[in-house]
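Under the UniProt record's numbering, residues 1 to 349 are what the sequence shown spells out, in order. Right, one structure below, let's go through it.
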Amino acid sequence: MEFNLAFYVHHHGAGHFTRTAQIITRLSGFNITLLGSNLKPFVHLLPANIDVIHLPMDTPEDHDLYFQDGNTVDALHYAPLNVKGISDRVAMMTEFFRSAWPLVLVVDVSVEVTLLARLAGIPTIVMRQHGLRDDLPHLMAYQSAEYLLAPFSASISPVSAKWIEEKTIFVGGFSRFSEGDSNNEMERHVAVIVGSGGTSINAAFLKFLVISGSDFYFHIIGKIEGKQIEHAHIKYYGHLDEPKAVLDQCRIIIGNAGHNTVMEMASLNKRFIGIPESRPFEEQVDKASAISSFPGVRIFLPESLYHTDWNHMLTEMEDTAPSWKDVIAESALEDAANAIIAVGKRLYG
1 MEFNLAFYVH
11 HHGAGHFTRT
21 AQIITRLSGF
31 NITLLGSNLK
41 PFVHLLPANI
51 DVIHLPMDTP
61 EDHDLYFQDG
71 NTVDALHYAP
81 LNVKGISDRV
91 AMMTEFFRSA
101 WPLVLVVDVS
111 VEVTLLARLA
121 GIPTIVMRQH
131 GLRDDLPHLM
141 AYQSAEYLLA
151 PFSASISPVS
161 AKWIEEKTIF
171 VGGFSRFSEG
181 DSNNEMERHV
191 AVIVGSGGTS
201 INAAFLKFLV
211 ISGSDFYFHI
221 IGKIEGKQIE
231 HAHIKYYGHL
241 DEPKAVLDQC
251 RIIIGNAGHN
261 TVMEMASLNK
271 RFIGIPESRP
281 FEEQVDKASA
291 ISSFPGVRIF
301 LPESLYHTDW
311 NHMLTEMEDT
321 APSWKDVIAE
331 SALEDAANAI
341 IAVGKRLYG
């Protein structure tokens, strides 16, 4: 029996969408639907044949007059009361589950959506992430899934229970970039990637960075919070759908320790200064810890940014050859796609 595929994409930052968009490039011949909130800024990056269901946000609005957090539910991360957006999105998702059957749903990520799908009789594949995820809601989502898909190698996997490891398919790391061109690198040129999910890399830090690192030139990719400072050693690019040309010419990259940024640095084999930001379940802290021993990688907590001699640090980094051995797998996207298809074939013949 033919079956359909769907991906639930969490709205925080751009990483969940980026990962999904890469995987679906290897899933030709299937009816594919993306479900999520705040997807409109990204839909232009999708192939025209991908359907998108725009879900309302699950947070209270002004018209939710009777909103309350409600009593604690140990098995769920988020279950407030009297939020119309939640009622509407649940209705939209369950109607989609009914109409799109037979269906396999890839969840990146949400405990509540995973469990809702299971209650509706829809098989799920749950994307694994770094962080402390041994709490009851995560364990229930993992238990309910057909299997877990890890977009990273087992060598940098977070410590987990044996049954979770056995249920996980480690496809290895992947990113939107192929191997970088180190021949284009210019000495003393540094790229600074400003993420969209909340970051310590703001105008105040850039001002400190360009003064403390006065021997270097900085290329700023992304939207800066605060008033941009004008300086001969700073060049602003704003948001770039295709930043590889800028990254290729820089010997060092500064950015947050989110999954996609880390995988892009590994793909390009870049010297990387990672700044782990506060995220649920300490995701970026855990990711940063997993890569901290790699040659050419340095990790700085946000509180240490203004207590660093950046001229000294960046000069030291330039003299270190980077190595991201075993992080990226050339077959990762194909393996992820094949694993998803295998679930559908096993369930639907």
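Ideal Cβ positions, reconstructed from N, Cα and C, are used throughout, including at glycine. Quick caveat: nothing in here was measured; it's all calculated off a predicted structure.
In terms of residue numbering, what span does the beta strand (DSSP E) encompassing residue i cover?
i	result
residue 54	51 to 54
residue 136	Not the beta strand (DSSP E): residue 136 falls in the alpha helix (DSSP H), residues 136 to 144.
residue 66	Element bounds for residue 66: n/a, residue is neither H nor E.
residue 236	234 to 238
residue 346	Not the beta strand (DSSP E): residue 346 falls in the alpha helix (DSSP H), residues 332 to 348.
Assuming residue i contacts residue j (C-beta within less than 8 Å), just tell me the rounded distance between them.
i	j	result
residue 39	residue 16	That pair is no contact at about 10 Å.
residue 104	residue 344	5 Å
residue 4	residue 100	5 Å
residue 13	residue 197	3 Å
residue 256	residue 19	Between residue 19 and residue 256 the Cβ distance is about 16 Å, and since that is not below 8 Å, they are no contact.
residue 115	residue 140	6 Å
residue 336	residue 23	5 Å
residue 329	residue 295	That pair is no contact at about 20 Å.
residue 231	residue 210	5 Å
residue 69	residue 136	Not really, about 18 Å apart at Cβ, beyond 8 Å.
residue 239	residue 223	6 Å
residue 236	residue 228	6 Å
Under a three-way DSSP split, which group does residue i fall into?
i	result
residue 207	helix
residue 183	helix
residue 16	helix
residue 150	strand
residue 306	helix
residue 44	helix
residue 352	Past the edges of the chain, shown from 1 to 349, lies residue 352, and the structure says nothing about it.
residue 247	helix
residue 314	helix
residue 114	helix
residue 227	coil
residue 276	coil
residue 155	helix
residue 260	helix
residue 61	coil
residue 281	helix
residue 361	Outside the shown range of the chain, which is 1 to 349, sits residue 361, and nothing can be said about it.
residue 291	helix
residue 164	helix
residue 266	helix
According to DSSP, which residues form a beta bridge with residue i?
i	result
residue 32	5
residue 119	According to DSSP, residue 119 bridges with nothing at all.
residue 189	217
residue 271	252
residue 173	328
residue 106	7 and 125
residue 81	68
Alpha helix (DSSP H) containing residue i: first to last residue?
i	result
residue 128	Here residue 128 belongs to no alpha helix (DSSP H), and DSSP marks it neither H nor E.
residue 170	Counting along the chain, residue 170 falls outside any alpha helix (DSSP H), though it belongs to the beta strand (DSSP E) covering 168 to 170.
residue 298	Residue 298 -> not in any alpha helix (DSSP H); beta strand (DSSP E) instead, spanning 297 to 299.
residue 88	84 to 100
Is the Cβ-Cβ distance between residue i and residue j less than 7 Å?
i	j	result
residue 269	residue 180	yes
residue 302	residue 200	yes
residue 133	residue 168	no
residue 327	residue 173	yes
residue 150	residue 170	yes
residue 67	residue 56	no
residue 299	residue 274	yes
residue 188	residue 216	yes
residue 220	residue 192	yes
residue 208	residue 147	no
residue 246	residue 272	no
residue 46	residue 9	no
residue 160	residue 264	no
residue 1	residue 102	yes
residue 98	residue 334	no
residue 106	residue 7	yes
residue 425	residue 283	Residue coverage of the chain in this structure runs from 1 to 349, which leaves residue 425 outside it and unanswerable.
residue 184	residue 248	yes
residue 83	residue 62	no
residue 288	residue 280	no
residue 86	residue 51	no
residue 156	residue 332	no
residue 124	residue 145	yes
Please confirm if residue i has its CB atom under 7 Å from at least one CB of chain B.
i	result
residue 17	No chain B is present in this structure, which holds just one protein chain.
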